[in-house]
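Protein chains in written order, with our numbering: chain A, 1 to 277; chain B, 278 to 548. Even for Gly, the Cβ is constructed at its ideal location relative to N, Cα and C. Computed from a predicted model, the values in this text were never measured in an experiment.
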Amino acid sequence: MRGVLSDRMGAALLMAPLLVFLALAYAWPFLGVVKWSFTLPTPGLGQYQALLTDDLVQSVFIRTLRIAAIVTLVSVTAAYAITVVWVRGTPAQRLIAEFCILVPFWISVLTRAFGWVALLSNRGLINTWLQSIGFISEPLALVRNEFGVVVGMTHFLIPFAVFPLASAMRSLDERVLLAARGLGSSRMRTFWEVFVPMTRSGIIGAAMIVFVFSLGFFVTPAILGGGRSVMIAELIYLRIFQSPDWGLGAAISVVLVLFVSALMAILFRYVKPKQLV
Amino acid sequence: MPTYRPGPVSLTLAILVALFLLMPLLAVIPVSLTPSRMLAMPSGELSLRHYRSLIEDPRWLQSILLSIRIGVVSSAISTMLALCFSLGVWMFQPRFTAALVGFVLLPMVVPPVVSAVTLYFLLTSISGVSSFFGYDTWLGVAMAHSVMTVPFATVLILVSLSQLDRRIDLAARGLGASVWERATRVIMPNIKFGIVTAALLSFVLSWEEIGVTLFITSVNAITLPRLMWMGLRDNIDPAIAALSVILIIITVLVLAVRSVVVRVRGGSKPL
Numbered sequence: 001m002r003g004v005l006s007d008r009m010g011a012a013l014l015m016a017p018l019l020v021f022l023a024l025a026y027a028w029p030f031l032g033v034v035k036w037s038f039t040l041p042t043p044g045l046g047q048y049q050a051l052l053t054d055d056l057v058q059s060v061f062i063r064t065l066r067i068a069a070i071v072t073l074v075s076v077t078a079a080y081a082i083t084v085v086w087v088r089g090t091p092a093q094r095l096i097a098e099f100c101i102l103v104p105f106w107i108s109v110l111t112r113a114f115g116w117v118a119l120l121s122n123r124g125l126i127n128t129w130l131q132s133i134g135f136i137s138e139p140l141a142l143v144r145n146e147f148g149v150v151v152g153m154t155h156f157l158i159p160f161a162v163f164p165l166a167s168a169m170r171s172l173d174e175r176v177l178l179a180a181r182g183l184g185s186s187r188m189r190t191f192w193e194v195f196v197p198m199t200r201s202g203i204i205g206a207a208m209i210v211f212v213f214s215l216g217f218f219v220t221p222a223i224l225g226g227g228r229s230v231m232i233a234e235l236i237y238l239r240i241f242q243s244p245d246w247g248l249g250a251a252i253s254v255v256l257v258l259f260v261s262a263l264m265a266i267l268f269r270y271v272k273p274k275q276l277v
Numbered sequence: 278m279p280t281y282r283p284g285p286v287s288l289t290l291a292i293l294v295a296l297f298l299l300m301p302l303l304a305v306i307p308v309s310l311t312p313s314r315m316l317a318m319p320s321g322e323l324s325l326r327h328y329r330s331l332i333e334d335p336r337w338l339q340s341i342l343l344s345i346r347i348g349v350v351s352s353a354i355s356t357m358l359a360l361c362f363s364l365g366v367w368m369f370q371p372r373f374t375a376a377l378v379g380f381v382l383l384p385m386v387v388p389p390v391v392s393a394v395t396l397y398f399l400l401t402s403i404s405g406v407s408s409f410f411g412y413d414t415w416l417g418v419a420m421a422h423s424v425m426t427v428p429f430a431t432v433l434i435l436v437s438l439s440q441l442d443r444r445i446d447l448a449a450r451g452l453g454a455s456v457w458e459r460a461t462r463v464i465m466p467n468i469k470f471g472i473v474t475a476a477l478l479s480f481v482l483s484w485e486e487i488g489v490t491l492f493i494t495s496v497n498a499i500t501l502p503r504l505m506w507m508g509l510r511d512n513i514d515p516a517i518a519a520l521s522v523i524l525i526i527i528t529v530l531v532l533a534v535r536s537v538v539v540r541v542r543g544g545s546k547p548l
């Protein structure tokens, strides 16, 4: 009896500080934000009505979904290509692939966005080089538009797509591949009809992670979009700090959370959380 | 060991992706050496003036020191909280564990911009009560960073606990060790590596945090990423390129050292 009681006490004492901390510093203020969305500037559902009727908000939502879809497609494909080598290459190939995945992963989002500015801006590396070889006379518009945003976000998200893909590829029984080859299937056919279908859970997981991340992305679109291709997160920032229209910013946040939770719920019907690491 | 190796097509595609991944990191090197005061490629002569301005301009140094202070404090808070919580989960396996862990992981899964609005609400509310702890104060930023990093620390510590053999704890318990002794003298020494990694990851995440920091600071608590952001939004300052080169070199060195350490220890590494 004494053991059971002290066990419960012990667990409660150890777990309480973090739970209390997050309840006070995260859950409570989140409820406050939800309250803003119903009370500012006037009590009621006005902010949510505005979400449905405001043309600017609508166009930002559509742009965000479009960019997120493109980024998901490109970055999962690219991640697949490099993960194949990281998981199944020779030891030297694996080391190089790992380096190319982990170095960008650990470098801050700002530095990486800045790297793209240095490459893509009017006086950046690519335009300077193309002009010096006389290929173009006017610099190409590569940043401050949707193209720059997609490139920067894809670059940021590839490493995140790699981890679930790698986990799926590692757990694949390679005797199946050898059997396919042994039965006379070509390399291409083995890849498309055996390898890819067997890593399906990794592909779904990677696509979901990338898509969910892209929806709430702030820094890269703000820097590489240059204020011209605003996404949801930047819209929230602008509503809170520039308009200022806290109620609308809060309402967009609430909608974003609901949308992401719905996506996560769908994700976990298909993939177990452990398969994502 | 896989015998089924990637073919030439896979290798070519992987090389293209690898180049794409490394390109922006390499691009900052020439920009950092430009003699121009604006973002441009150096034409002919090279200069280290932007590296010098990092040392001479007090703004950079101040924000570096501030970021270190915030990183150390928030990493200490989030590692302590995550460690206690994870020990509680592992030692007592209470009911509703999954729900509690899910709650703790929320700041990691909720879109960062929503967490930013949430923490903005929190800190502006606190500001009404206290002036040295709230919106645009270093303590406020440290607390907000703890909220954002604690899920990551918790995941790392829980993962290293899951690899621990329960029988050593049972043995200690059978021999009459108290909860405190089991935690500090049996379990913690065995997950040292996980705890240190959690603390380091929390520090790094706080050091480079910008999404939330943008919402909760304005003029006083200018962390390094906040200062970089200001330099990127207005007139692009090539000193950012010099700083980026230094940060990239540090990252590469740390990763190299770590891969050697992991190889020597023979353990597995999560990231």
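Over what stretch of residues does the alpha helix (DSSP H) that includes residue i continue unbroken?
i	result
threonine 401 (chain B)	389-404
isoleucine 517 (chain B)	516-542
alanine 174 (chain A)	One detail in the question is off: residue 174 (chain A) reads as glutamate in this sequence, not alanine. Segment 174-182, the alpha helix (DSSP H) holding glutamate 174 (chain A).
aspartate 55 (chain A)	55-88
glycine 134 (chain A)	From DSSP, glycine 134 (chain A) is part of no alpha helix (DSSP H); its letter is neither H nor E.
valine 150 (chain A)	146-170
proline 502 (chain B)	501-510
phenylalanine 241 (chain A)	232-241
alanine 251 (chain A)	246-270
proline 384 (chain B)	374-386
serine 363 (chain B)	335-369
tryptophan 415 (chain B)	415-439
phenylalanine 105 (chain A)	91-106
arginine 220 (chain B)	Here chain B comprises residues numbered 278 to 548, so residue 220 (chain B) is not present and cannot be evaluated.
threonine 289 (chain B)	285-309
Return the Cβ separation of residue i and residue j in integer angstroms, given the expectation that the two are a contact with Cβ distance under 8 Å.
i	j	result
glycine 124 (chain A)	glycine 225 (chain A)	Not really, about 16 Å apart at Cβ, beyond 8 Å.
alanine 475 (chain B)	alanine 359 (chain B)	6 Å
proline 301 (chain B)	leucine 119 (chain A)	6 Å
isoleucine 311 (chain A)	isoleucine 306 (chain B)	Absent from the structure is residue 311 (chain A), since the part of chain A shown begins at 1 and ends at 277.
leucine 172 (chain A)	threonine 128 (chain A)	45 Å between Cβ atoms; not a contact.
serine 521 (chain B)	serine 352 (chain B)	Actually they are not in contact, since the Cβ atoms of serine 521 (chain B) and serine 352 (chain B) sit about 23 Å apart, beyond 8 Å.
isoleucine 445 (chain B)	valine 463 (chain B)	6 Å
glycine 205 (chain A)	valine 271 (chain A)	5 Å
threonine 355 (chain B)	valine 84 (chain A)	Residue identity check: residue 355 (chain B) is serine in the sequence provided, not threonine. With 8 Å as the limit, serine 355 (chain B) and valine 84 (chain A) do not qualify as a contact, their Cβ atoms being about 36 Å apart.
arginine 326 (chain B)	proline 335 (chain B)	The pair is not a contact, with the Cβ atoms about 17 Å apart (cut-off 8 Å).
threonine 395 (chain B)	phenylalanine 30 (chain A)	5 Å
glycine 488 (chain B)	valine 390 (chain B)	6 Å
leucine 51 (chain A)	valine 57 (chain A)	6 Å
alanine 168 (chain A)	serine 201 (chain A)	6 Å
valine 109 (chain A)	valine 219 (chain A)	5 Å
valine 117 (chain A)	isoleucine 223 (chain A)	7 Å
Quick check on this structure: which residue in the options has the alpha carbon closest to the alpha carbon of residue i?
i	options	result
threonine 431 (chain B)	A:Phe259, A:Leu22, A:Ser6	A:Leu22
isoleucine 82 (chain A)	A:Ala161, A:Ile209, A:Leu172	A:Ala161
arginine 329 (chain B)	B:Ile347, B:Leu316, B:Ser309	B:Ser309
arginine 170 (chain A)	A:Gln49, A:Val103, A:Cys100, A:Gly89	A:Gly89
leucine 438 (chain B)	B:Leu364, B:Ser344, B:Val349, B:Leu296	B:Leu364
alanine 207 (chain A)	A:Ala179, A:Phe268, A:Gln58, A:Trp28	A:Phe268
tyrosine 412 (chain B)	B:Val424, B:Ile332, B:Leu399	B:Leu399
leucine 157 (chain A)	A:Val176, A:Leu102, A:Leu140, A:Arg189	A:Leu102
tryptophan 506 (chain B)	A:Val194, A:Phe114, A:Trp28, A:Ala79	A:Phe114
alanine 421 (chain B)	B:Ser344, B:Ala393, B:Asp442	B:Ala393
valine 212 (chain A)	A:Leu177, A:Leu256, A:Gln131, A:Leu235	A:Leu256
threonine 77 (chain A)	A:Leu165, A:Val57, A:Leu110, A:Arg144	A:Leu165
leucine 343 (chain B)	B:Ala519, B:Ile499, B:Ala518	B:Ile499
leucine 238 (chain A)	B:Phe492, B:Pro502, B:Val529, B:Leu316	B:Phe492
valine 176 (chain A)	A:Phe99, A:Val196, A:Leu24	A:Val196
phenylalanine 163 (chain A)	A:Ala92, A:Gln131, A:Ala79	A:Ala79
Less than 8 Å between C-beta atoms, sequence neighbours within five positions excluded: which residues of the same chain meet that for residue i?
i	result
isoleucine 67 (chain A)	Glu146, Val149, Val150, Met153, Ser214, Pro221, Ser229, Met231
alanine 454 (chain B)	Arg462, Val463
Take residue i and list the residues in its own chain whose beta-carbon comes closer than 6 Å to its own, dropping the five residues that flank it on each side.
i	result
alanine 47 (chain A)	Strictly speaking, residue 47 (chain A) in this sequence is glutamine, with alanine absent from that position. So the qualifying residues of the chain are Ser37, Gly247, Leu248, Ala251.
alanine 419 (chain B)	Ile347, Val350, Ser351
methionine 1 (chain A)	Unreliable placement is indicated for methionine 1 (chain A), whose pLDDT of 40 sits below 50; no coordinate value is reported for it.
valine 74 (chain A)	Thr154
isoleucine 209 (chain A)	Phe160
alanine 97 (chain A)	Ile82, Val85, Trp86
Spatial neighbours of residue i within its chain, please: C-beta separation below 7 Å, excluding the five flanking residues on both sides.
i	result
methionine 278 (chain B)	Here methionine 278 (chain B) scores only 42 on pLDDT, less than 50, and its place in the model should not be relied on; the value that follows carries that caveat. Here the set comprises nothing.
phenylalanine 279 (chain A)	Examination of residue 279 (chain A) is not possible in this model, given that chain A is present from 1 through 277 alone.
phenylalanine 61 (chain A)	Ile232
phenylalanine 241 (chain A)	none
Does any CB atom of chain C fall closer than 8 Å to the CB of residue i?
i	result
serine 121 (chain A)	Checking the listed chains, one finds no chain C in this structure; the protein chains it contains are A and B.
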